[in-house]
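Just below is one structure, and these are the notes that go with it.
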Amino acid sequence: MTKRTKIVLMLLSLAVISMILSGCKQDKPTLYVYNWGDYIDETIIGEFEKETGIKVVYDSYATNEDMYVKLKAGGSSYDVIFPSDYMLTRMLEEDMLEKIDLTKIPNAKYIEERFMGNEYDPNNEYSLPYMWGTVGILYNTTMVDEPVDSWDILWDPKYAKEILMLDSQRDSIAVALLKLGYSINTLDLDELEEAGELLKQQKPLVLAYVVDEGKDKMVAGEAALAVIWSGEATYGRMENPDLEYAIPKEGTNVWFDVMAIPKGAKNIEGAHKFMDFLNRPEIAFRNADYLGYAIPNWGGRALIPEEISTDRSIYPEEEDLVNAEIFVNLGQTLRDYDRIWTEVKAH
Amino acid sequence: MKKSSAMIPYLVWMAIFIIVPMLLVVYYAFTVTTPEGSTWSLDNFARFFEPIYLRVLWRSLALALVSTVICLLLGYPVAMIMAGNAFTRKNVLMLLFVVPMWMNFLLRTYAWLTILERNGFLNILLTRLGLPQINILYTSTAVVLGMVYNFLPFMVLPIYSVLSKIDKGVIEAAGDLGANAVQVFTRVIFPLSLPGVVSGITMVFMPALTTFVISRLLGGGQFTLIGNLIEQQFLVVGDWGFGSAISMVMIIFILLSMAIMSFFEGEDKEATLW
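Read top to bottom, the protein sequences are chains A and B. Numbering-wise (the working numbering), the first sequence opens with residue 1283 and increments by one. Numbering-wise (the working numbering), the second sequence opens with residue -19 and increments by one.
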């Protein structure tokens, strides 16, 4: 080894050691938060830090599955995560979550009664709802002049190559199941095959299967109809006044993104404080105002301008949701969903 | 070559990041998880040979092949121009090929979305010129375009590196001995450049076969390729066994294609980029 390589190696190891050591420095308690990308008004984090003296390290993910894989792989430790309903179930089944202590979250009282005790967590032992919404159709009123109130319109040849579907197996199969009048959580293979057939018939009419790009495509007027999550629809409608959002009469999927504490969390105390903070009415309001998603917090909703908080496409009432279902984890049947979805896409 | 202690870090690195993950893939591919636990099984492989998955495989192979051929047809002349003497601004050309690679791959692919969409740059341009609009976004054409655009440098650079090392004396000798330009190319230049062509083909074909971002963004999710299928198994379905089995089939395909390639490569193995 020459002298120079030795020096380089020494410098490198010094750098590594100093990195490790600086990671160990614990002058302030730290809270590791793992949330969806752009899913919080970030000024709220600063306020929380100032008020509690807890330093927040904020990371984000793009899909439930990314988050799940990262936590499952171990090596990372987060204190608060924001999985969706079905992912919460999956994580519960795999014993990946800590129980929460509701007595430490007094602001949970602001959460509407109808959003507590959902199927995925009947006693709210592990989670509190953060945001909620529906799946519906976003349409451009300059291209669609008939009323949109049914999933059937997505099979209308008039709109060939003007339709955007979600590139998400559960959601797209759910649309077909709803059209057929079946449960979106069906375990019946015949019903699933029927839904698959329907999606194959629809494929020639579909412009593309998209996820995040959907709202931008609609804003740009690239398509007439899109299956979309309600929060994204709100964004789209703000950007382009020609867009309208409808929840079809056959029913919809009501979804929740919840707050939970994963096993291995180091700052459980802080995690409770953070959840409590987010449920403070004015904080919940600011989040809703920033994101355009519906909050389950009535205290916060009361602060939202009336034209939004009474807009039933954003805040549907119970009677609008009679046919709505929450996704449940399907276990092994998920593989059949996957096979059918692959058949549709490979068709 | 004497084994020295300097090898140890590399061996450790390879063991941790290559050997162990590979063994894990093999393990998952040959096991199925049932509620009772996991057992050894060939089910994952059997499942892959169902018609729908074969169709996905076939489509992936076809698109990758088409992209590779186009890359070769476009890339070879460019490499020749860069290696030849006629063009004096070689570095500029080289830079033009390399600079886009410094930008994020995803960003470049997203840029194609805005170029190709219905009210996008291309159609605005065509309308201005009084030409009819074209809608190729979300078709297999767009997917091939995306692949060719992204992988072309991987074809050009190895061919260029081989061509630029060919002894000019050989070419002059061929001319002196009466070969015309076409003969010089087919009998001398091209055979000598084969190692570069082979490594170019491998470097384009492999990523083209396994890409999932290009097919999702530019294909509008309608063109499920093998890469999408693998991604789905790991991220959405959580069926690591099946995902690993598909990955192993892919590895076999890539090994096969490399074996075929090295058969064509002949003796001269020095000048490749590898």
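A virtual CB, placed ideally from N, CA and C, is assigned to each residue, including glycine.
* Below 7 Å CB to CB, which residues in the same chain sit around Glu1394(A) once its five sequence neighbours on both sides are set aside? => Pro1578 and Trp1580
* Asked: Among all the DSSP beta bridges, which residues are the ones paired with Trp1413(A)?
  -> Reading off the sequence, residue 1413(A) comes out as Met, not Trp. Bridge partners of Met1413(A): Asp1539(A).
* Asked: Tell me, which residues are paired with Pro31(B) by DSSP?
  -> In the DSSP output, where bridge partners are listed per residue, Pro31(B) has none listed.
* Measuring alpha carbon to alpha carbon, tell me which of Val1417(A), Tyr1350(A) and Gly1478(A) ends up nearest Val217(B). => Val217(B) has its Cα closest to that of Tyr1350(A), out of Val1417(A), Tyr1350(A) and Gly1478(A).
* Asked: Which value, in whole angstroms, describes the spacing of the CA atoms of Met228(B) and Ser195(B)?
  -> 21 Å
* To do: Name, going along the chain, the residues of the segment 1444 to 1466 of chain A whose beta-carbon falls closer than 7 Å to a beta-carbon of chain B.
  => Asp1449 and Gln1451
* For the candidate residues Phe25(B), Thr11(B) and Ala26(B), whose alpha-carbon lies nearest to that of Thr19(B)? -> Thr11(B)
* How many whole angstroms separate the CB atoms of Lys1627(A) and Thr14(B), which I take to be in contact at a CB cut-off of 8 Å? -> The pair is not a contact, with the Cβ atoms about 27 Å apart (cut-off 8 Å).
* To do: Would you list the residues sitting across from Thr13(B) in a DSSP beta bridge?
  => Paired residues: Ser18(B).
* To do: Taking a Cβ distance cut-off of 7 Å, strictly less, list which residues of the segment 109 to 143 of chain B are near chain A, in chain order.
  => Residues Tyr118.
* Asked: Where does Ile1419(A) land, buried or exposed, given buried means 16+ other C-beta within 10 angstroms?
  -> buried
* Quick one: measure Cβ to Cβ for Pro80(B) and Arg69(B), integer angstroms, because I've assumed they're closer than 8 Å. => Actually they are not in contact, since the Cβ atoms of Pro80(B) and Arg69(B) sit about 18 Å apart, beyond 8 Å.
* To do: Just the C-alpha distance for Leu1353(A) and Pro171(B), rounded to the nearest angstrom, thanks.
  => 52 Å
* Would you be able to state if there are at least three C-beta pairs under 8 Å between the segment 1448 to 1459 of chain A and the segment 1611 to 1621 of chain A? => yes
* Asked: Who are the neighbours of Ala1490(A) on chain B, taking C-beta pairs under 9 Å?
  -> Within chain B, the residues placing a beta-carbon under 9 Å from that of Ala1490(A) are Leu117, Tyr118, Gly199, Gly200, Gly201 and Gln202, ordered along the chain.
* **C-alpha gap between Asp1377(A) and Leu1370(A), whole angstroms** => 10 Å
* **Neighbouring residues, chain A, relative to Glu97(B) (Cβ below 8 Å)** => Lys1499, Ala1502 and Glu1504
* To do: Return the bridge partner residues of Ile1510(A) from the DSSP annotation.
  => Gly1418(A)
* Secondary structure at Asp1620(A), three-state DSSP: helix, strand or coil? -> DSSP, read as helix, strand or coil, puts Asp1620(A) in helix.
* Asked: Hey, quick one: how far does the beta strand (DSSP E) through Glu1526(A) stretch, first residue to last?
  -> That run of the beta strand (DSSP E) goes Leu1525 to Ala1528.
* Asked: Exposed or buried, Pro1587(A), counting other C-beta atoms within 10 Å across all chains shown (16 or more means buried)?
  -> An exposed status is given to Pro1587(A), since fewer than 16 other beta-carbon atoms sit within 10 Å of its beta-carbon.
* Which partner residues of Glu1607(A) appear in the DSSP bridge assignment? -> Asn1535(A)
* Asked: Thinking just about the alpha-carbon of each residue, which of Ala1508(A), Tyr1575(A) and Asp1434(A) is nearest to the one in Leu1480(A)?
  -> Asp1434(A)
* Can you find a C-beta in chain B that's less than 8 Å from the C-beta of Asp1620(A)? -> Closer than 8 Å: yes.
* Alpha carbon of Thr1534(A) to alpha carbon of Asn1346(A), nearest angstrom -> Note on geometry: alpha-carbon atoms of Thr1534(A) and Asn1346(A) lie some 20 Å from one another.
* How many Å lie between Ser1342(A) and Phe1364(A) at the Cα? -> 10 Å
* **Euclidean distance between Cα positions of Ile26(B) and Leu34(B)** => It should be noted that the sequence gives Ala, not Ile, for residue 26(B). Rounded to whole angstroms, Ala26(B) to Leu34(B) spans 11 Å at the Cα level.
* Give the residues of chain A in contact with Leu215(B), contact being defined as C-beta atoms less than 8 Å apart. => Thr1345, Glu1347, Asp1348 and Val1351
* Asked: Taking Cβ-Cβ distances shorter than 9 Å, what residues in chain A pair up with Asp156(B)?
  -> What Asp156(B) touches in chain A: nothing, since even the nearest Cβ is about 48 Å away.
* Partner residues on chain A for Leu209(B), Cβ-Cβ distance less than 7 Å -> Thr1624
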